[in-house]
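Asks: First residue of the sequence shown? That's 1 in UniProt numbering, and the numbers climb one at a time after it.
No residue lacks a Cβ here, since even glycine has one placed at the ideal position from N, Cα and C.
Okay, handing you the structure first.
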Amino acid sequence: MTEQQGRDAEGYDFRSIQERWLPVWEELKPFEVGDAGTGRPTKYVLDMFPYPSGDLHMGHAEAFCFGDVLARYWRGRGYDVLHPIGWDSFGLPAENAAIKRGVDPREWTYANIAQQKASFRVYAPSFDWSRVLHTSDPEYYRWNQWLFLKLYEKGLAYRKASWVNWDPVDQTVLANEQVLADGTSERSGAMVVKKKLTQWYFRITEYADRLLDDLDALEGQWPAKVLNMQRNWIGRSRGAEVEFEIEGREAKVPVFTTRPDTLHGATFMVVAPDSDLAAELAAGASPEVRMQFQAYLEETQRQTEIERQNADREKTGVFLDHFAVNPVNGERIPVWASDYVLADYGHGAIMAVPAHDQRDLDFARRFELPVRVVVDVRDADGAPLPDPSESGIATAGEGVLVNSGELDGLPKAEAIARAIEILEARGTGRGATTYRLRDWLISRQRYWGTPIPILHHESGEMRPVAEESLPVELPSSEGLDLKPKGSSPLGAATEWAAVVDPETGERWRRDPDTMDTFVDSSWYYLRFLSAQDDSQAFDPELARRWGPIDQYAGGVEHAILHLLYSRFITKVLHDLGYLDFEEPFTALLNQGMVLQDGAKMSKSKGNLVEFASELSAHGADALRVTLAFAGPPEDDIDWADVSVQGSAKFLARAWRVADDVESGGAAVGTDVAAGDTGLRRATHRLLADAPGLVEAYKFNVVVARLMEQVNVTRKAIDSGCGIADPAVRESAEVVARILSLFAPYAAEDMWAKLGHEPTVALAEWPTADPALLVEDEVTLVVQVDGKVRDRLTLPASVTPEEAESAARASTAVQRAIGERDVVNVVVRVPKIVSIATKPAA
Numbered sequence: 001m002t003e004q005q006g007r008d009a010e011g012y013d014f015r016s017i018q019e020r021w022l023p024v025w026e027e028l029k030p031f032e033v034g035d036a037g038t039g040r041p042t043k044y045v046l047d048m049f050p051y052p053s054g055d056l057h058m059g060h061a062e063a064f065c066f067g068d069v070l071a072r073y074w075r076g077r078g079y080d081v082l083h084p085i086g087w088d089s090f091g092l093p094a095e096n097a098a099i100k101r102g103v104d105p106r107e108w109t110y111a112n113i114a115q116q117k118a119s120f121r122v123y124a125p126s127f128d129w130s131r132v133l134h135t136s137d138p139e140y141y142r143w144n145q146w147l148f149l150k151l152y153e154k155g156l157a158y159r160k161a162s163w164v165n166w167d168p169v170d171q172t173v174l175a176n177e178q179v180l181a182d183g184t185s186e187r188s189g190a191m192v193v194k195k196k197l198t199q200w201y202f203r204i205t206e207y208a209d210r211l212l213d214d215l216d217a218l219e220g221q222w223p224a225k226v227l228n229m230q231r232n233w234i235g236r237s238r239g240a241e242v243e244f245e246i247e248g249r250e251a252k253v254p255v256f257t258t259r260p261d262t263l264h265g266a267t268f269m270v271v272a273p274d275s276d277l278a279a280e281l282a283a284g285a286s287p288e289v290r291m292q293f294q295a296y297l298e299e300t301q302r303q304t305e306i307e308r309q310n311a312d313r314e315k316t317g318v319f320l321d322h323f324a325v326n327p328v329n330g331e332r333i334p335v336w337a338s339d340y341v342l343a344d345y346g347h348g349a350i351m352a353v354p355a356h357d358q359r360d361l362d363f364a365r366r367f368e369l370p371v372r373v374v375v376d377v378r379d380a381d382g383a384p385l386p387d388p389s390e391s392g393i394a395t396a397g398e399g400v401l402v403n404s405g406e407l408d409g410l411p412k413a414e415a416i417a418r419a420i421e422i423l424e425a426r427g428t429g430r431g432a433t434t435y436r437l438r439d440w441l442i443s444r445q446r447y448w449g450t451p452i453p454i455l456h457h458e459s460g461e462m463r464p465v466a467e468e469s470l471p472v473e474l475p476s477s478e479g480l481d482l483k484p485k486g487s488s489p490l491g492a493a494t495e496w497a498a499v500v501d502p503e504t505g506e507r508w509r510r511d512p513d514t515m516d517t518f519v520d521s522s523w524y525y526l527r528f529l530s531a532q533d534d535s536q537a538f539d540p541e542l543a544r545r546w547g548p549i550d551q552y553a554g555g556v557e558h559a560i561l562h563l564l565y566s567r568f569i570t571k572v573l574h575d576l577g578y579l580d581f582e583e584p585f586t587a588l589l590n591q592g593m594v595l596q597d598g599a600k601m602s603k604s605k606g607n608l609v610e611f612a613s614e615l616s617a618h619g620a621d622a623l624r625v626t627l628a629f630a631g632p633p634e635d636d637i638d639w640a641d642v643s644v645q646g647s648a649k650f651l652a653r654a655w656r657v658a659d660d661v662e663s664g665g666a667a668v669g670t671d672v673a674a675g676d677t678g679l680r681r682a683t684h685r686l687l688a689d690a691p692g693l694v695e696a697y698k699f700n701v702v703v704a705r706l707m708e709q710v711n712v713t714r715k716a717i718d719s720g721c722g723i724a725d726p727a728v729r730e731s732a733e734v735v736a737r738i739l740s741l742f743a744p745y746a747a748e749d750m751w752a753k754l755g756h757e758p759t760v761a762l763a764e765w766p767t768a769d770p771a772l773l774v775e776d777e778v779t780l781v782v783q784v785d786g787k788v789r790d791r792l793t794l795p796a797s798v799t800p801e802e803a804e805s806a807a808r809a810s811t812a813v814q815r816a817i818g819e820r821d822v823v824n825v826v827v828r829v830p831k832i833v834s835i836a837t838k839p840a841a
């Protein structure tokens, strides 16, 4: 062990430093923010709150590190910062874990919360611990129920029977957003199936346009990837709604199409097998068709939407023994049921134009249905493309209309507009917009969630629970079978479910379902404002003061679900008069994943790095510095490629600078103007650059600059400046102040050694001296044939001619050129002189 290593090991001890400062912070409560305010500007910094599925893990360590850097930074910049913490504590993981262990979900949930709180305490994020909330507390979910009632009053909460995504393992419904791209449940991993149930929905589609259009205002503040994911999920399509008459049926069938100009090419209609229309038409068909249809429906229900949308699958279907009438030419076209049409797209029926849609063409060729070209599409040379009925390839490109009556000769855009005019004039259609977005299905057939505050009468009548009767508390799980079985366990809580009207004596039953936990997290940021207020969900005045959230941090996996739902609820609360803003999160930071050897950490893979063991072995500061230094926040971090030990050594070097100042440096208040100018210039460049880097989320660059500053300071000390130079104290204080964003314990200890009262986290950010940012000298790199041969220190005012002359005069450069001829010299003041040579003639 070297003398230096021995000194660091002897002096810097993260365990004793943590033990020294934790009690001080807990007594001072430096991050609590009162409701009255101080008159300073405000920043609301929020991390996506954790689910208590066990102790904190490395993903939590990363996410809460980045959010805390920003919270600590804005405090130092003179803001009142609200940075709260809570737990998203309802949901399936707790219930499933409780079933597996044979315990009450409450017991499992709150034990995990206690463990996570203890870990957070050591990890030391700058939370306001006076505002803690748990969504499974009645004091919280009472306001979930209040929110439900507000949506119900506004007509945005409704109940209907429909085909839903069903998780056969967890035995509950899933929103579309909770089904992964491969058709499996994001929770259980089981293949999702379709099931018809009567469920509760929030009418999020009423806000589709606002949810889509308002994304434009978030450009540059949210990651482009997230904005695109939301745009694609909402999926707005403009076109026309065309009314088709079906023979023998009084009501017309509305069909949405983005290409009403191709109506003359519609040669058949296809309806979704699981739609009400298909069932109605099959019921009126021959016995043979009814049997075929029933068998086909059962087959369809065993498939996922992903499978049904697979373009490479052979097309299947059943003729429903009915004909529709094409509204533009009066042709009778057959009506088929096929699984490539989905019941929740448009009205569950499409007009099939096989010449110009590949799926329709595949279906037409499979069942020998007519194919009519109505758009003349040409190749790059102007030659017509082959007839789709012969080539088997639909022509979906641009072209002019043919075989389309008065639309003939019109290009696509003009033809679409004219087709809509014709439909509206005839009363057979109209311009329309449709969306990929579906209403938010919130019912869950599980126990551990917010009870839905609705009462049901045996007559079928429903009525909301009165606001003054909230919360509708969950009954004890004792005696209830919580195992998934397709219906909510609450239905078996007979005493809890039965309600007698005290005025009429009528018997009612509580709704047995609970709410999707994304309801809990859709508005929790507002509850933090009034966490202890029993009289209201949140104080609108505090919402005006703090909202919207200035900085939100969390995983990109919530890009659609949580963020979209929260945006919806915020807009609803705005429309109800509770908020004066419509977007909840002004800026969004997404962090990557923490991997091990290139793979996601898991116990089953044997590559799990435990947060608790890393925290115990290296301390909170070293973990935080490592995570911040590993790369841009949005990139994945492979724990196998980082060095926690290297971070610990850096912290020891930084701490030792403050220790040296304490043992013999300049006193607090010493005039720093006489200090080493070179060191002071480095210090003030760091002060000037750090804010922009932090605000751009370049935390790794800030850490790198801190490492450079510590090295420059040590070099200045060892080269004769000495620890008594006031420039050394100034540098140490700046390092401590900026380091506190990443390593609060080491920074606090440094701050104390430098003679200041705690806490460094509330110390004012020093201002850079503009005079020290003006360079007197520059360092010019000189290359010969691409290799660095010298570095020259020259006046900042050096001209290109002077720079070239100095480079040619360098002994090292002359030695590198030797007897060769100089053929080119490129000068880029103040950075480089590049000399190219060739062998002498």
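(1) So S522 packs on I569, CB below 8 Å; how close in whole Å?
(2) Quick one: measure Cβ to Cβ for A667 and D725, integer angstroms, because I've assumed they're closer than 8 Å.
(3) Using only the alpha-carbon positions, how far apart do V694 and D362 sit?
(4) By Cβ distance below 7 Å, which residues in the same chain neighbour A415 in space, the five residues on each side in sequence not counted?
(5) Where does the unbroken alpha helix (DSSP H) through S734 begin, and where does it stop?
(6) By how many angstroms is the C-alpha of A809 removed from the C-alpha of D80?
(7) Inspect the beta-carbon positions of M515 and I442 and report whether they are closer than 8 Å.
(8) Indicate the three-state DSSP secondary structure (helix, strand or coil) for I549 in the structure shown.
(9) Which partner residues of H134 appear in the DSSP bridge assignment?
(10) For the beta strand (DSSP E) that L626 lies in, which residues bound it at each end?
(11) May I ask you to report which of helix, strand or coil DSSP gives D214?
(12) Which first and last residues belong to the alpha helix (DSSP H) in which P744 is found?
(13) State the DSSP-derived secondary structure class of G76, mapped to helix, strand or coil.
(14) Helix, strand or coil for G239 per DSSP?
(15) Can you tell me whether DSSP reads S443 as helix, strand or coil?
(16) Work out the CA separation of Q171 and K485 for me, nearest whole Å.
(17) Could you please give me the residues that DSSP links to D322 through a beta bridge?
(18) Can you tell me where the alpha helix (DSSP H) holding H456 begins and where it ends?
(19) Take T258 as the anchor and find which of D597, D439, Y152, I350 has the nearest alpha-carbon.
(20) How big is the Cα-Cα spacing for T713 and L627?
(21) Tell me whether the beta-carbon of V781 lies closer than 8 Å to the beta-carbon of I723.
(22) Determine, using beta carbons only, whether V169 and Q199 come nearer to each other than 8 Å.
(23) Relative to the C-alpha of A816, which candidate in R789, P489, K315 has its C-alpha closest?
(24) Looking at Q116 and D55, is the spacing between their C-beta atoms short of 8 Å?
(25) Can you tell me whether F581 is helix, strand or coil according to DSSP?
(26) Does the ligand MN have even one heavy atom less than 7 Å from the beta-carbon of V734?
(27) Which residues share a DSSP beta bridge with residue 842?
(28) With distances taken Cα to Cα, identify the nearest neighbour of Y44 among K753, R791, W74.
(29) How close, in whole Å, do the beta carbons of F127 and I85 come, if the pair is a contact with beta carbons under 8 Å?
(30) Relative to the C-alpha of P334, which residue among G405, G664, V270 is closest?
(31) Which one of R729, D321, Y12, K196 has the shortest CA to CA distance from A161?
(32) Given that a residue counts as buried once 16 or more other Cβ atoms are within 10 Å of its Cβ, and exposed if not, what is V823?
(33) Under 8 Å, with one C-beta from each stretch per pair, do the stretch 639-654 and the stretch 23-39 reach the 3-pair mark?
(34) So what's L780 in DSSP terms, helix, strand or just coil?
(35) Which one of E662, R131, V132, T184 has the shortest CA to CA distance from K194?
(36) For A114, does the count of other Cβ atoms within 10 angstroms reach 16, so buried, or fall short, so exposed?
Replies: A quick look at the data gives this:
(1) Within the sequence shown, residue 522 is the residue found at index 522, counting from 1. Within the sequence shown, residue 569 is the residue found at index 569, counting from 1. 4 Å between Cβ atoms; contact.
(2) Taking the first residue of the sequence shown as position 1, residue 667 is located at position 667. Taking the first residue of the sequence shown as position 1, residue 725 is located at position 725. 12 Å between Cβ atoms; not a contact.
(3) By 1-based counting over the sequence shown, the position of residue 694 is 694. By 1-based counting over the sequence shown, the position of residue 362 is 362. If you take the alpha carbons of V694 and D362, they lie about 55 Å apart.
(4) The residue given as residue 415 occupies position 415 in the sequence shown. Counting only Cβ-Cβ distances below 7 Å, and skipping sequence neighbours, we find D261, L401, L407.
(5) Counting from 1 along the sequence shown, the entry for residue 734 is found at position 734. One detail in the question is off: residue 734 reads as Val in this sequence, not Ser. First-last of the alpha helix (DSSP H) with V734: 726-739.
(6) Translated into the one-based positions of the sequence shown, residue 80 becomes position 80. Translated into the one-based positions of the sequence shown, residue 809 becomes position 809. Their Cα atoms are separated by approximately 57 Å.
(7) Residue mapping note: residue 515 aligns to position 515 of the sequence shown, counting from 1. Residue mapping note: residue 442 aligns to position 442 of the sequence shown, counting from 1. A contact, by the Cβ cut-off of 8 Å.
(8) Counting from 1 along the sequence shown, the entry for residue 549 is found at position 549. Strand at I549.
(9) Sequence index remark: in the sequence shown, residue 134 carries index 134 (1-based). The partner list for H134 (beta bridge, DSSP) reads W87.
(10) Start at 1 with the first residue of the sequence shown, and residue 626 comes out as number 626. One point to set straight first is that residue 626 is Thr, not Leu, in the sequence displayed. No beta strand (DSSP E) contains T626, which is instead part of the alpha helix (DSSP H) from 620-629.
(11) Translated into the one-based positions of the sequence shown, residue 214 becomes position 214. Reduced to three states, the DSSP call for D214 is helix.
(12) If you number the sequence shown from 1, residue 744 lands on position 744. Note, P744: alpha helix (DSSP H), 744-753.
(13) Taking the first residue of the sequence shown as 1, we reach residue 76 at position 76. If DSSP states are grouped into helix, strand and coil, G76 belongs with the helices.
(14) Counting from 1 along the sequence shown, the entry for residue 239 is found at position 239. The answer is strand: DSSP assigns G239 an E or B state.
(15) Along the sequence shown, read from residue 1 onward, the residue named residue 443 stands at position 443. Strand.
(16) Looking up residue 485 in the sequence shown gives position 485. Looking up residue 171 in the sequence shown gives position 171. Using only the alpha carbons, I get a separation of about 6 Å.
(17) Here residue 322 refers to the residue found at position 322 when the sequence shown is read from its first residue. In the sequence as displayed, the identity of residue 322 is His instead of Asp. DSSP output for H322 lists V335 as bridge partner(s).
(18) Residue 456 sits at position 456 when you count from the first residue of the sequence shown. Unbroken run through H456 is the beta strand (DSSP E), 454-456; no alpha helix (DSSP H).
(19) Residue 258 sits at position 258 when you count from the first residue of the sequence shown. If we check each option's Cα against that of T258, I350 comes out closest.
(20) As a first step, residue 713 is located in the sequence shown; it is residue number 713 there, counting from the start. As a first step, residue 627 is located in the sequence shown; it is residue number 627 there, counting from the start. Cα to Cα, the separation comes out at about 24 Å.
(21) Your numbering for residue 781 matches position 781 in the sequence shown. Your numbering for residue 723 matches position 723 in the sequence shown. No. Outside cutoff.
(22) Here residue 169 corresponds to residue number 169 of the sequence shown, with the count starting at 1. Here residue 199 corresponds to residue number 199 of the sequence shown, with the count starting at 1. No. Outside cutoff.
(23) In the sequence shown, residue 816 corresponds to position 816, counting from 1. Of the listed residues, the one whose Cα sits closest to A816 is R789.
(24) Taking the sequence shown and counting its residues from 1, one reaches residue 55 at position 55. Taking the sequence shown and counting its residues from 1, one reaches residue 116 at position 116. Yes, they are a contact pair.
(25) Within the sequence shown, residue 581 is the residue found at index 581, counting from 1. Coil.
(26) With respect to small molecules bound, the structure shown includes none, and the ligand MN cannot be examined in it.
(27) Because the chain here runs from 1 to 841, residue 842 falls outside it and cannot be looked at.
(28) Taking the sequence shown and counting its residues from 1, the one referred to as residue 44 is at position 44. Y44 has its Cα closest to that of W74, out of K753, R791, W74.
(29) The residue labelled residue 127 in the question sits at position 127 within the sequence shown. The residue labelled residue 85 in the question sits at position 85 within the sequence shown. Rounded, the Cβ-Cβ distance is 4 Å, consistent with contact.
(30) Position 334 of the sequence shown, counted from the first residue, corresponds to residue 334. It is V270 whose Cα lies nearest to the Cα of P334.
(31) For the purposes of this step, residue 161 is taken as the residue at position 161 of the sequence shown. The residue with the shortest Cα to Cα distance from A161 is K196.
(32) For the purposes of this step, residue 823 is taken as the residue at position 823 of the sequence shown. With fewer than 16 other Cβ atoms within 10 Å, it is exposed.
(33) no
(34) By one-based count along the sequence shown, residue 780 stands at place 780. Three-state result, L780: strand.
(35) To locate residue 194, count along the sequence shown from 1; it is residue 194. Residue T184 is the option with its Cα nearest to K194.
(36) Taking the sequence shown and counting its residues from 1, the one referred to as residue 114 is at position 114. A114 comes out exposed.
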